[in-house]
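Numbering (this note's numbering), first residue to last: 1 to 122. The C-beta atom is built at its ideal place from N, Cα and C for all residues, glycine as well. Note that this is a predicted model, so its numbers are computed, not measured. Written out below as structure tokens is the structure these notes cover.
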Amino acid sequence: MSYFKFYYYLSVLIGALQVIDGIVLASSSNIGAINLVFSLLEMLWVLFSVVAIFKVKVMKYVPVSYVVYNVAGWVYGGYLAATSGNPETMSIPTWVAIFGLCFGLYFFTASILAIKHGCKNT
Numbered sequence: 001m002s003y004f005k006f007y008y009y010l011s012v013l014i015g016a017l018q019v020i021d022g023i024v025l026a027s028s029s030n031i032g033a034i035n036l037v038f039s040l041l042e043m044l045w046v047l048f049s050v051v052a053i054f055k056v057k058v059m060k061y062v063p064v065s066y067v068v069y070n071v072a073g074w075v076y077g078g079y080l081a082a083t084s085g086n087p088e089t090m091s092i093p094t095w096v097a098i099f100g101l102c103f104g105l106y107f108f109t110a111s112i113l114a115i116k117h118g119c120k121n122t
């Protein structure tokens with residue numbers, strides 16, 4: 001299996017997980033165990049996305065946007081943790097959860113389009 005197929009097929013799954021994560025966060029605004037598992041998988045996927053930036057030839061904006069989205073999330077998360085006082089009682093603003101859900105929809109859709117486009121051009 002080529003790295004292209006590996007990356008984009010699993011990116012569809014990662015996008016779906018981001019949608020679920022966004023729904024769970026928006027409904028509770030508290031970070032639960034499922035959110036932590038999804039966050040760990042998403043953080044791991046950043047490494048695969050960095051590799052994809054250099055290895056895939058079609059639709060590079062998909063892994064680039066994933067890396068940028070996550071780095072921005074880390075910066076904002078650090079800001080929230082620094083300003084919240086007690087990290088254990090920190091809650092995620094609803095708009096952040098909705099933004100994550102929307103990015104997950106974008107990433108899911110863009111990955112499917114990359115697979116369709118890449119299969120024609122590879």
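Separation of Y3 and S11 (C-alpha to C-alpha, rounded to the nearest whole angstrom) is 12 Å. The alpha-carbon separation between N70 and K116 amounts to approximately 25 Å. Scanning V51, I98, S39, A97 for the CA closest to the CA of V64 turns up V51. Only residues of its own chain outside the window of five on either side were considered, and among them L101, G104, L105, F108 have a CB closer than 7 Å to the CB of V19, listed in chain order. Distance from the Cα of E42 is smallest, within the candidate group I53, T89, G73, L80, for G73.
If you draw a straight line from the Cα of A33 to the Cα of Y61, it is about 31 Å long. Excluding residues up to 5 positions away in sequence, T94, A97, I98, L101 lie with their Cβ nearer than 8 Å to the Cβ of A26 in the same chain.
Runs of alpha helix (DSSP H) with 4 or more residues, each lying fully within the region 1 to 32, are found at 3 to 28, listed in chain order.
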